[in-house]
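First comes the structure, then the notes that go with it.
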Amino acid sequence: MAETGKADIKRNKIKQAIALEYDPSDEAPRVIASGRGVLAERIIERAQESDVPIHRDDKLADTLSRLEIGEMIPPELYEVVAEILIFVDSMDKLKSKVKQ
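Pasting the structure below:
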């Protein structure tokens, strides 16, 4: 019975999305969009339409959702976000090579 309760909680969890932008002239990436439910779906749609990679990490999304739009990520998230950005950059380079 406890297992069913856990499944119900997971299934009923509201979708959320956070978009980050990194400008090398800034100290850290910034939150440029954040939302839950329908707004999260729209953020994801826009990312897909623009061919922006999407990374799913519920725990990171929960943490980032507490930040304001325009706010830089805190130092304790630098490493995890840097790993994601490095992966995204390598995927962009790979896509460029494939297109050539």
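Okay, so the sequence shown: first residue is 69 according to the numbering used here, each after it adds one.
Just so it is clear, CB atoms sit at the ideal spot from N, CA and C, and this is done for glycine as well.
Let me know if residue i comes out buried or exposed under the rule of 16 or more other beta-carbons within 10 Å of its beta-carbon.
i: Ser-93; result: exposed
i: Leu-162; result: exposed
i: Val-120; result: exposed
i: Pro-97; result: buried
Which first and last residues belong to the beta strand (DSSP E) in which residue i is found?
i: Leu-88; result: 84 to 89
Just to check my reading of the structure: residue i and residue j have Cβ atoms closer than 8 Å, yes? What is that Cβ distance to the nearest angstrom?
i: Ile-82; j: Gly-105; result: 5 Å
i: Ala-87; j: Ala-101; result: 4 Å
i: Leu-132; j: Val-99; result: 6 Å
i: Tyr-90; j: Leu-153; result: 6 Å
Starting from residue i, follow the alpha helix (DSSP H) in both directions and report where the run begins and ends.
i: Ile-112; result: 106 to 117
i: Asp-23; result: The first residue shown for the chain is 69 and the last is 168, placing residue 23 beyond what the model contains.
i: Leu-145; result: Taken as a continuous stretch (DSSP letters only), Leu-145 belongs to no alpha helix (DSSP H), as it is neither H nor E.
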